[in-house]
Amino acid sequence: MSNNTRVRFAPSPTGALHIGGAHTALFNWLWARHTDGTFVLRIEDTDTERSTLEYEQSIMDGMRWIGLDWNEGPDIGGDFGPYRQSERIDIYNKYAQQLL
């Protein structure tokens, strides 16, 4: 199989990992492993009023508890970081300016 496969799980850290999120993460993780691809954890922390680092950690702990690991993410880095949406504002602004 191809090793160019890149899939991601992008939870919002506004609460603990729930069954729907775990389901999505599991299927993406399985596909990445099946294709010898990359599984990316990206944190959708744009809801600044409700997002917390405690929930982010809780989500990662929950994923580890069910046996999921990731190749790139906010805690381990990678070639395409940062992996928190709130830390990508400068990147988004750069490309938005090119479109204007």
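Take the numbering used here: the final residue in the sequence shown is number 83, and no numbers are missing along the way.
Even for Gly, the Cβ is constructed at its ideal location relative to N, Cα and C.
Remember, predicted model here, so these are calculated numbers, not experimental data.
For T(-3), no alpha helix (DSSP H) segment is defined, and its DSSP state is neither H nor E. Where L51 is concerned, there is no enclosing beta strand (DSSP E), because DSSP gives it neither an H nor an E.
With 16 or more other Cβ atoms from the protein chains shown falling within 10 Å of its own Cβ, R25 counts as buried.
Per DSSP, reduced to three states, the secondary structure at G20 is coil, with no helix or strand assignment. Within the same chain, Cβ atoms closer than 6 Å to the Cβ of S69 are found at D28, the five residues on either side in sequence being excluded. The C-beta separation of F22 from T7 comes to about 12 Å, leaving the pair out of contact by the 8 Å criterion.
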